[in-house]
Every structure is written in C-alpha cells, then in structure tokens.
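S.K.: Note that the protein sequences, when read in sequence, are chains Y and X. Residue numbers for the first sequence follow the working numbering, beginning at 624 and rising by one. Residue numbers for the second sequence follow the working numbering, beginning at 624 and rising by one.
Protein chains: 2
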Amino acid sequence: MSISSRFAVGIHILALIDLNKETASSSEFIAGSVNTNAAVIRKIMGMLKKAGLIEVQPGVAGAKLSRELSEITLFDIYKAVNVVEVNELFSIHDKPHPDCVVGKNIQSTIEPIFMAAQSAMEKVFQNLTLEDIVKDIEAKEQVQ
Amino acid sequence: MSISSRFAVGIHILALIDLNKETASSSEFIAGSVNTNAAVIRKIMGMLKKAGLIEVQPGVAGAKLSRELSEITLFDIYKAVNVVEVNELFSIHDKPHPDCVVGKNIQSTIEPIFMAAQSAMEKVFQNLTLEDIVKDIEAKEQVQ
DNA sequence: ATTACTTGTAACCGAAACAATTACATCATG
DNA sequence: CATGATGTAATTGTTTCGGTTACAAGTAAT
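(1) Residues in the same chain with beta-carbon distance under 7 Å from L692 (chain X), minus the five sequence neighbours each way, listed in chain order, please.
(2) Given a cut-off of 7 Å, decide if S656 (chain X) and G726 (chain Y) are closer than it, judged by their beta-carbon atoms.
(3) Among X:D759, X:A684, X:I677 and X:G685, which has the Cα closest to the Cα of V724 (chain Y)?
(4) In chain order, what residues of the same chain have a beta carbon less than 8 Å from the beta carbon of I634 (chain Y), not counting five sequence neighbours either side?
(5) For T696 (chain X), decide whether its Cβ has a neighbour in chain Y, counting only Cβ atoms nearer than 7 Å.
(6) Are the C-beta of L753 (chain X) and some C-beta of chain Y separated by less than 7 Å?
(7) Alpha carbon to alpha carbon, what distance is there between T732 (chain Y) and K718 (chain Y)?
(8) Helix or strand or just coil, what does DSSP make of A647 (chain Y)?
(9) Around the C-beta of E678 (chain X), are 16 or more other C-beta atoms found within 10 angstroms, so that it is buried, or is it exposed?
(10) Hey, which unbroken runs of the alpha helix (DSSP H) at 4 residues or more fall wholly within the segment 694-749 of chain X?
(11) Alpha carbon to alpha carbon, what distance is there between Q680 (chain X) and I736 (chain X)?
(12) In chain Y, what lies closer than 8 Å to Q741 (chain X) by C-beta?
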C-alpha cells in the first residue's frame with residue numbers, strides 16, 4: 624500500500640511553475656522534468672485547477688499560481704489531488720458480528736483512533752507551504 | 624487508496640482472544656466475529672505469531688497473548704501485519720529530470736517531509752495499547 | 001491407530017487503483 | 001487556416017486486496 628505519487632507530482636508541478644515563471648510551463652515541459660507522460664501532467668493540473676490553486680487556459684501554454692507561495696499549503700495540494708479520502712486512510716472490516724462483544728463495539732472503538740492518526744499525518748502538511756518547498760530547493764541550488 | 628484492513632482485523636483478533644480467554648478462540652470462531660473466512664484469520668494470526676504477539680500451536684485450537692495487554696501497543700500490531708513499509712507511505716515519482724532545478728532537488732526536499740508525516744501518524748499508535756482498546760470495549764458493554 | 005478437528009500454506013479469482021499511453025475534440029494565436 | 005496547446009476519454013499492464021478452496025500436517029480423544 625502506498626499513497627499515490629500524484630501528491631509528490633502535484634508539489635513538483637507547482638514548484639516548477641513558480642521557479643520557471645519567466646517562461647511558460649507547458650504540460651510537455653513539465654512532463655519532461657517529472658519524467659512522465661504529458662497527459663498525466665494535464666490530468667493532475669486539472670485537479671489543481673479545479674481546487675483553485677492554478678489558472679490555466681485551454682489552448683494556451685503555461686499556468687500561473689492563483690495565490691502566493693506562502694498561501695498554498697501542502698495540505699491544499701494533498702486535498703486537491705485526492706489521494707486520501709476524508710476519514711478513509713485506514714480500512715475497517717465491515718459487518719463484524721453484532722452478537723459478539725468485540726464485533727459489536729470494535730468499529731466505534733477503532734474509528735476515532737484511525738481518525739486521530741490520519742489527522743496527525745495531515746497536520747504536518749497543513750503546517751508547510753509551497754514557499755518552504757521552493758526555498759529549500761533554492762537553498763540546495765545555492766550550495767552547488 | 625486505503626491501508627489494508629489487516630490492521631483493524633489484527634486489533635479485533637487480539638482483543639477477542641483476550642476477552643474470550645476462558646474458552647479457546649479457534650480461527651473459525653474468530654472468523655465468525657470478524658465476518659470473514661477462517662483462512663484470512665489464520666493468515667493474519669500467522670503474522671501476529673511471527674511478530675511474537677501471540678502463541679499458537681499447530682493443530683490445537685486457540686491462541687494466547689504473549690504479553691500483557693498494556694505491553695502490546697497498536698504500533699506493534701501495525702508493524703506485525705505489515706500494512707505500510709518503513710518510509711513508504713507516500714510514493715514519490717522516480718527519475719525526475721536531473722537537468723532541471725526542480726527535478727534535481729525535489730526528492731530530497733520532499734522525502735523528509737513525507738517521513739515526518741508518516742511518523743506523526745505512527746506515533747498515535749505507539750501511544751495506545753491493547754489495554755486501551757479492551758477497556759473501551761468493556762466500558763461500552765457496561766452501558767448497555 | 002483411527003477419527004475428528006485444528007493450524008499452516010499455497011494457489012487461484014475478481015475487483016480496484018495506479019501510472020502510462022494513445023487518441024482526439026476543443027481552443028488560442030499568428 | 002495552420003500550428004500547437006489544453007481537456008478528457010479509453011485502453012493497457014501491473015500490483016494489491018480480500019475471499020475462497022484445497023490440502024498437508026499436527027493434536028487429542030476414543
């Protein structure tokens with residue numbers, strides 16, 4: 624099990640749009656950097672657009688961020704690319720036997736714990752923005 | 624995407640073994656409570672046994688916990704059933720283009736963040752034990 | 001020792017999710 | 001109108017999951 628790379632690619636796309644803002648970033652160009660097919664990029668960019676993170680126009684190359692780098696959290700991207708549904712990171716077996724002490728109560732016992740675990744994970748992304756990502760990339764570039 | 628229900632089922636199995644300790648819990652009996660096939664239960668119990676959480680003997684019905692309830696964390700179970708590999712909760716696209724500023728640095732920028740998110744999630748399970756689960760189930764039973 | 005019941009595994013199946021790919025309609029622009 | 005871009009649907013191969021069947025091997029009681 625692994626969470627879709629759409630999330631990592633989404634971050635990549637947005638960082639690239641910003642760091643390459645002097646020229647238009649076509650889906651073909653971004654696909655080259657990500658190393659995948661342009662249609663995959665367009666699909667993910669469609670999600671980012673739908674979430675209001677970028678502005679793209681059909682037929683015209685390039686995209687721009689809808690907000691400041693510091694106003695786009697990793698959680699915004701995470702939600703945009705739809706990699707994990709709300710409260711569904713962990714599967715729970717359904718229809719445990721209702722006549723059993725454990726079967727009857729296990730779901731309501733486990734659910735809040737699973738929710739808390741998922742929230743703890745998501746909170747990490749809420750506290751980081753694209754600005755952190757871009758600055759980190761720029762810092763690495765300085766060193767070299 | 625969703626993390627395998629083996630984790631939820633593993634918790635269910637261990638709680639049931641404890642709450643039903645006056646009689647032997649055969650895989651058939653547990654399967655009835657979980658509402659699945661006995662072979663599925665035996666497979667998961669094999670993992671729990673391998674992780675040293677339970678003791679089972681081939682041919683003889685029932686299993687017993689190897690440790691006290693308070694000495695078995697949910698993280699122990701989580702690791703035992705092997706639902707998420709170390710540092711692999713999130714997929715990262717591989718071979719981004721090395722000649723691109725973003726492609727060159729994105730992996731090393733994102734990896735520690737993904738690790739931190741996974742750790743935050745896992746820490747929730749490290750801080751909870753089977754005792755918490757069993758007590759919660761018992762408390763619910765009292766009310767009814 | 002034979003019978004009945006159990007655990008331990010392996011093999012197989014259908015369903016679902018992913019990422020890649022191809023194709024094509026639609027749109028914008030020179 | 002020709003070119004090149006986005007938007008989107010359909011298809012494919014791979015992997016994982018959970019369920020199922022089958023059966024070998026172990027245990028225990030008669």
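For each residue, glycine too, the CB sits at the ideal point set by N, CA and C.
M.R.: This is what the structure gives:
(1) On the second sequence, residue 692 (chain X) is found 69 positions in, with the first residue counted as 1. Only residues of its own chain outside the window of five on either side were considered, and among them D641, T752, L753, E754 and V757 have a CB closer than 7 Å to the CB of L692 (chain X), listed in chain order.
(2) The sequence position of residue 726 (chain Y) within the first sequence is 103, counting from 1. The sequence position of residue 656 (chain X) within the second sequence is 33, counting from 1. Yes, the Cβ-Cβ distance between G726 (chain Y) and S656 (chain X) is below 7 Å.
(3) Translated into the one-based positions of the first sequence, residue 724 (chain Y) becomes position 101. Ranking the options by Cα distance to V724 (chain Y), first place goes to X:D759.
(4) Position 11 of the first sequence holds residue 634 (chain Y). Take I634 (chain Y), set aside five residues on each side of it, and the residues of its chain with a beta-carbon closer than 8 Å to its own are L697, I700, L753 and I756, in chain order.
(5) Looking up residue 696 (chain X) in the second sequence gives position 73. It does not; no Cβ of chain Y falls within 7 Å.
(6) Position 130 of the second sequence, counted from the start, is the residue given in the question as residue 753 (chain X). Not flagged as an interface residue toward chain Y: L753 (chain X), since no C-beta distance is shorter than 7 Å.
(7) By 1-based counting over the first sequence, the position of residue 718 (chain Y) is 95. By 1-based counting over the first sequence, the position of residue 732 (chain Y) is 109. Those two C-alpha atoms are separated by around 14 Å.
(8) What you label residue 647 (chain Y) is simply residue 24 of the first sequence in a count that begins at 1. In the structure shown, A647 (chain Y) sits in coil (DSSP, three-state: anything other than H, G, I, E or B).
(9) Indexing the second sequence from 1 puts residue 678 (chain X) at position 55. Flag for E678 (chain X) reads exposed.
(10) Residue ranges of uninterrupted alpha helix (DSSP H) with 4 or more members, entirely inside the segment 694-749 of chain X and ordered along the chain, are 697-703 and 724-749.
(11) Locating residue 736 (chain X) in the second sequence gives position 113, where the first residue counts as 1. Locating residue 680 (chain X) in the second sequence gives position 57, where the first residue counts as 1. Taking the straight line joining both Cα atoms gives about 43 Å.
(12) For the purposes of this step, residue 741 (chain X) is taken as residue 118 along the second sequence, with counting starting at 1. What Q741 (chain X) touches in chain Y: M744.
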